[in-house]
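Under the working numbering, the very last position in the sequence shown is 1980; numbers go up by exactly one each time. Below you'll find the structure, written out as structure tokens, and then a few comments.
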Amino acid sequence: MHDDRSLVEARLKRVLDERIRPAVYPESVPLQVGIWTAPGEPVPVAEGLAAPRTPLTVGQAWGAPWGTSWLTVSGTVPAGWAGRTVEALLDLGFDENMPGFQCEGLVYRSDGTPVKGLNPRNQWVRISDSAAGGEAVELHIEAAANPVILDYHPFLPTDLGDKATAGSAPQYKITRMDLAVFDPVVYELVLDLEVLGELMAELPTDGARRWELLRAVERALDAVDLQDVNGTAPAARAELAGVLAAPAVPSAHRISAVGHAHIDSAWLWPLRETVRKVARTCANMTALVAEHPEFIYTMSQAQQYAWIKEHRPEVYAEVKKAVAEGRFVPAGGMWVESDTNMPGSEAMARQFVHGKRFFLDEFGVENEEAWLPDTFGFTAGLPQIIKAAGSKWLLTQKISWSQVNTFPHHTFWWEGIDGTRIFTHFPPIDTYNCSMKGSEIAHAARNFKEKGRASHSLAPTGWGDGGGGTTREMVGKAARLRDVEGSATVRWERPAEFFAKAQAEYPEPPVWVGELYLELHRATLTSQARTKQGNRRSENLLREAELWAATAAVRCGLPYPYQQLDRIWKTVLLHQFHDILPGSSIAWVHREAEATYATVAEELEELIGASQRALAGDGSSEIAFNAAPHDRGAVPAGGADTVAPAKGSCTAEPSPDGGFTLSNGLVRVVVDARGLVVSLYDTAAEREAVAPGTAANLLQLHPDFPNMWDAWDVDQFYRNTGTDLTDADSVVLAADGPQAVAVKVTRSFGKSTVLQTLTLTAGAKRLDLDTEVDWYETEKFLKVAFPLDLHTDRYAAETQFGHLHRPTHTNTSWEAAKFEACNHRFVHLTEPDWGVALVTASTYGHDVTRTVRTADRGTTTTVRASLLRAPRFPDPHTDQGRHVFHHALVPGATLADAVREGYRINLPERRVSGSNAVAPLVTVDQDAVVVSAVKLADDQSGDLVVRLYEAHGARSRARLRTSFPVARIDGCDLLERPQHQLPLDARGIELTLRPFELVTLRLARINGG
Ligand SMILES: [Zn+2]
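Put into structure tokens, the structure is as follows:
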């Protein structure tokens, strides 16, 4: 037979586009439109509904960037449409190629109840399934003129990302406002043809099924009278029924479709707009759930539920109803879909505490899956946190974005630093915006790496970010793909149902040990430094506030600020969302974040101050409070004592070349005339830290213009060129003892200046480095380098509740791809008997490289902390202005020293006037067992909650003692739910911890303690 395949395929495309799809709405009449534009920020629904309208005609422009307009559309269903299905078609000026990221609307009835959202792929509102004819129609649209930030030519700098700079030019034109007849048969025919046409294209041309589909499609097209599509659609559908009824083969891949909209909690829009994006999408999804009994929708991020509960109660009521019916599924059990690289130990734990608790309190639902489709890589500390929160599964999609290496598994055990394993699924469909296209379904089946052992994968289905979620077309296509020959099967399922089936069929999947590093978006560890510093500062202040408020509650009976801490935690957790903390949002978001962090700091400082004043009592002695988990001189960890004079002294000697030699008996530091550290000598060990012929504290400036994703990415080629900032404007002695000696170095480069203070303190084996930068560069990357005389093939970087090791070499493509990585408070590099730690109070990005010297064949291991970038998209002025960084270089550091110094630099001692020493509520007699939180229990019972972990990666035995009477101590999960009682003796409890084990204890106080 002659091969006419391409002829039939081209015919299908043209007839669908030009004849059949338009026939879904065979008749229409225009609606009257009135508009009112809110003068500033969005207004409450009642105010928008009540505002006076002025007439608007189709084709007219509307919508200044970020503005809100209220439209009223009204008309009458023509008498001749009696018995027909009628819909309103409301096109605000959508670009269908871009679902999300543009204008959107939420349709209300006159009584203020929501109908559904309006989105580029969702422009209809059902008026009647069977019209009477003559009925009046009136709808109201809250229309948001969110400007397009990520345009067809992506990543171009734009001022649209902040209301303050976006201007007032209208962004959109009203395109269509009609009442129309909806032909359900033609609508179904479109879906039949789309599903079969898309499936056909994925099938092998030498297989019979492809040709069966082709012939069926051809017969259907023959049956369509192009002058009477509506009259002939039933006949066309009849030709397709047979091929749609042929069942899938028994070995077909099984897809669990999960209705979904990945809504970034802020990104190319401000936080306030996310509230409305969630409301629009939820309105769509509760309506879709009501219309399609098989459909199940899933939404993560407790924060998004909390938002609509507060701001759109009428939408939330529908959500609550659908959740109760089991059709709208809260997923993930986290407060937001956070970044996981940068949040500290406690914050990562609290993401789960607050997320799970919200779902439990509101819906009685406990999630067992963590849901992080889009997060930029996953730390090796996370599995243990997921487990301790009472969850056991993880879903992520993002690893498919890795630039270099293809991840080998789609379903696997993911093992963290402590050995905890989490059953993890990485959907082979490679998207979290599946639209039920044949190509996506076929890709999932082909791509699935567990074939032969497993058969289930998951497909998050729907448009996110204001795209409106799952569409009725997707539901229609999924129904056809439920069981059809040639395709994977598709079922709507809850994430938990998918995971249960996947785990049952594949109880022993392959194992991946360590971090799930995303080989992309590495610059998110550095971009928007103020946001990152705000996060770190907030985490540290929350630790202090909880510790001192709990101590003051137990010791002085001060009321514990439960509600205030709960609120502040949620604010900090929100800002760890995977486009806020990573620095990839528009200017508006980061400007607001900076202000919010300032308010958070102010509130927490007040709390800390009030608690400490109560504890210190009256008097004029200087009392030092130590919130760190290690004793500091005479001041115990978690306690306070009078300030003792520091031991030892420092000296500073000028060198003939213009530099200085600083010494405190433990360390000798040589700063040369360029202000660079050419020697850092550990006196006791008689070891030099700085590699011969090099200088540490060297600022290096690289061009930084990635190929895509400016705020997110730094591409490897950035290292090809760079400038060492060795010219100093001045190098002067700023303090000369005896308690501290310091050298101040100023430099100028480009339009920027930097002032560094290098301080040596009496009795301290470390060099403190404070760096103030006035940063006015564009597309540059600033690093500070420490070339060390160390031979090591790996180093340790702190992550949540422990650390992980990364190689210093690039033997494999996996290692080479990790050219920028994350640390929390320290990186530690060591030979068996001597090492160096670099500790930081606020930076996360770093790199470690090695070179073997020709002169002595020694190895130089260079660690560089990443300080600043200056990408121009999406915030064209990223990081401009003043920044302050604190680092310290610790020679002769063991891992234990790295842990201790990391806490020290993040939790500086506070001094308060008073008279009382404060004994810590709890003490731990083992350096390796680190207290990460001391607080009162969230249930307001008055119990004390202590979280601690083994920080050295070794087995550890420790005794926890309390300084108040205790009735019992229970081991708990992260949500502070007791799991097992621990044997308590007169001296407290004995703890035995595995390497990196995390333990949460609940201590019941006798008589309120
Ligand atoms: Zn996202």
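In this text, a Cβ means the ideal position worked out from N, Cα and C, and glycines have one as well.
Evaluate Ile1579 with the Cβ neighbour count: other Cβ atoms within 10 Å of its Cβ, from every protein chain shown; 16 or more gives buried, anything less gives exposed. Taking the sequence shown and counting its residues from 1, one reaches residue 1579 at position 608. With 16 or more other Cβ atoms within 10 Å, it is buried.
Span separating the alpha-carbon of Gly1505 from that of Phe1967: Stepping through the sequence shown from its first residue, residue 1505 is reached at position 534. Stepping through the sequence shown from its first residue, residue 1967 is reached at position 996. Roughly 27 angstroms between the two C-alpha positions.
Which of the three DSSP states, helix, strand or coil, is assigned to Ala1467? For the purposes of this step, residue 1467 is identified with residue 496 of the sequence shown, where counting begins at 1. The answer is helix: DSSP assigns Ala1467 an H, G or I state.
Please determine if the stretch 985–1005 and the stretch 1193–1206 are in contact, where contact requires at least 3 C-beta pairs separated by less than 8 angstroms. Cβ pair count under 8 angstroms is three or more, so yes.
Indicate whether the contact test is met: 3 or more Cβ pairs, each with one atom in the stretch 1730–1747 and one in the stretch 1624–1638, closer than 8 angstroms. Touching, yes.
Cβ of Leu1491 within 8 angstroms of Cβ of Gln1368? Position 520 of the sequence shown, counting from 1, holds the residue named residue 1491. Position 397 of the sequence shown, counting from 1, holds the residue named residue 1368. Not in contact: Leu1491 and Gln1368 (Cβ atoms no closer than 8 angstroms).
For Met1313, which residues does DSSP report across the bridge? Here residue 1313 is taken as the residue at index 342 of the sequence shown, counted from 1. Paired residues: none, contrary to the question.
Can you tell which of Ser1912, Asp1066, Trp1182 has its C-alpha closest to the C-alpha of Tyr1533? By one-based count along the sequence shown, residue 1533 stands at place 562. Check the Cα spacing between Tyr1533 and each of Ser1912, Asp1066, Trp1182: the tightest is with Ser1912.
Using only the alpha-carbon positions, how far apart do Gln1547 and Thr1495 sit? Within the sequence shown, residue 1547 is the residue found at index 576, counting from 1. Within the sequence shown, residue 1495 is the residue found at index 524, counting from 1. In a straight line, the C-alpha of Gln1547 is about 12 angstroms away from that of Thr1495.
Identity of the residues DSSP links to Phe1394 by a beta bridge: For the purposes of this step, residue 1394 is taken as residue 423 along the sequence shown, with counting starting at 1. As a beta-bridge residue in DSSP terms, Phe1394 pairs with Trp1364, Trp1384.
Are the Cβ atoms of Phe1266 and Asn1312 separated by less than 8 angstroms? Within the sequence shown, the letter at position 295 stands for residue 1266. Within the sequence shown, the letter at position 341 stands for residue 1312. Their beta carbons are not under 8 angstroms apart, which means Phe1266 does not touch Asn1312 by this criterion.
Whole beta strand (DSSP E) runs in the stretch 1405–1463 with 3 or more residues, listed along the chain? Whole beta strand (DSSP E) segments, 3+ residues: 1427–1432, 1460–1463.
Glu1289 lies in the beta strand (DSSP E); which residues open and close that run? To locate residue 1289, count along the sequence shown from 1; it is residue 318. First-last for Glu1289: 1284–1295, but that is the alpha helix (DSSP H), not the beta strand (DSSP E).
Closer than 8 angstroms by C-beta to Gly1315: which residues in its own chain qualify, once you throw out the five before and the five after it? Chain order, please. Stepping through the sequence shown from its first residue, residue 1315 is reached at position 344. Apart from the 5 residues on each side of it in sequence, Gly1315 sits with its Cβ closer than 8 angstroms to the Cβ of Arg1507, Glu1510, Gln1771, His1795 in its chain, given in chain order.
Using only the alpha-carbon positions, how far apart do Val986 and Ala1254 sit? Taking the sequence shown and counting its residues from 1, the one referred to as residue 986 is at position 15. Taking the sequence shown and counting its residues from 1, the one referred to as residue 1254 is at position 283. About 34 angstroms.
Provide the residue span of the alpha helix (DSSP H) that contains Pro1758, from first to last. Working through the sequence shown from its first residue, we reach residue 1758 at position 787. From DSSP, Pro1758 is part of no alpha helix (DSSP H) but of the beta strand (DSSP E) over 1751–1759.
Residues proximal to ligand 1 by C-beta, any heavy atom closer than 7 angstroms: Chain-ordered list of matching residues: His1233, Asp1235, Trp1238, Glu1308, Asp1345, His1549, Asp1550.
DSSP state of Cys1793, grouped into three classes? Here the question's residue 1793 lines up with position 822 in the sequence shown. Three-state result, Cys1793: strand.
Give me the residue from Tyr1268, Ile1356, Gly1409 with the minimum Cα distance to Arg1918. Numbered from its first residue, the sequence shown carries residue 1918 at position 947. The shortest C-alpha separation from Arg1918 is found at Ile1356.
Classify Phe1065: buried if its beta carbon has 16 or more other beta carbons within 10 angstroms, exposed otherwise. In the sequence shown, counting from the first residue as 1, residue 1065 sits at position 94. That one is buried.
Going by alpha carbons, who is nearest to Val1981 out of Leu1127, Ser1045, Met1069, Gly1071? Outside the modelled stretch of the chain, which goes from 972 to 1980, sits residue 1981, for which no answer is possible.
For Asn1668, does the three-state DSSP call read helix, strand or coil? Reading the sequence shown from its first residue, position 697 is the one you call residue 1668. The answer is coil: DSSP assigns Asn1668 none of H, G, I, E or B.
When burial is assigned at 16 or more other CB atoms within 10 Å of the CB, is Gln1198 buried or exposed? Here residue 1198 refers to the residue found at position 227 of the sequence shown. The residue in question, Gln1198, is exposed, as its Cβ has fewer than 16 Cβ neighbours within 10 Å.
Cβ contact check for the stretch 1557–1571 and the stretch 1845–1855: 3 or more pairs under 8 angstroms: Judged by pairs of C-beta atoms under 8 angstroms, the stretch 1557–1571 touches the stretch 1845–1855, as three or more such pairs exist.
Given 7 angstroms as the limit, tell me if Ala1179 has its C-beta closer than that to any heavy atom belonging to ligand 2. Ligand 2 is absent from the structure shown, which contains only ligand 1.
Quick one: what does DSSP say His1762 is sitting in, helix, strand or coil? Taking the first residue of the sequence shown as position 1, residue 1762 is located at position 791. In the three-state reduction of the DSSP assignment, His1762 falls in the coil class.
If I'm right that Leu1969 touches Ala1359 with Cβ under 8 angstroms, what's the distance once you round it to whole angstroms? Your numbering for residue 1969 matches position 998 in the sequence shown. Your numbering for residue 1359 matches position 388 in the sequence shown. The Cβ separation is near 6 angstroms, so the contact holds.
Name, in chain order, the residues that DSSP records as bridge partners for Lys1715. On the sequence shown, residue 1715 is found 744 positions in, with the first residue counted as 1. Within the DSSP secondary-structure output, Lys1715 pairs in a beta bridge with Val1703, Thr1728.
Helix, strand or coil at Thr1801 according to DSSP, with G and I counted as helix: Counting from 1 along the sequence shown, the entry for residue 1801 is found at position 830. In this structure, DSSP gives Thr1801 an extended state, which the three-state scheme calls strand.
Write down the C-beta distance between Ile1098 and Ala1059 rounded to the nearest angstrom, noting that I regard them as a contact closer than 8 angstroms. Here residue 1098 corresponds to residue number 127 of the sequence shown, with the count starting at 1. Here residue 1059 corresponds to residue number 88 of the sequence shown, with the count starting at 1. So it is a contact: roughly 6 angstroms between Cβ atoms.
Thinking just about the alpha-carbon of each residue, which of Phe1596, Arg1930, Ile1539 is nearest to the one in Ala1569? Working through the sequence shown from its first residue, we reach residue 1569 at position 598. Shortest Cα-Cα distance from Ala1569 to any of Phe1596, Arg1930, Ile1539 involves Ile1539.
Integer Cβ distance of Val1614 from Arg1828, believed to fall under 8 angstroms: As a working mapping, residue 1614 is identified with position 643 in the sequence shown. As a working mapping, residue 1828 is identified with position 857 in the sequence shown. Taking C-beta atoms under 8 angstroms as the contact rule, Val1614 and Arg1828 fail to qualify, at a distance of about 49 angstroms.
DSSP beta-bridge partners for Phe1982? Here the chain has residues from 972 to 1980 only, and residue 1982 is not among them.
Let me know if Tyr1143 comes out buried or exposed under the rule of 16 or more other beta-carbons within 10 Å of its beta-carbon. For the purposes of this step, residue 1143 is taken as residue 172 along the sequence shown, with counting starting at 1. Buried, since its Cβ has 16 or more Cβ neighbours within 10 Å.
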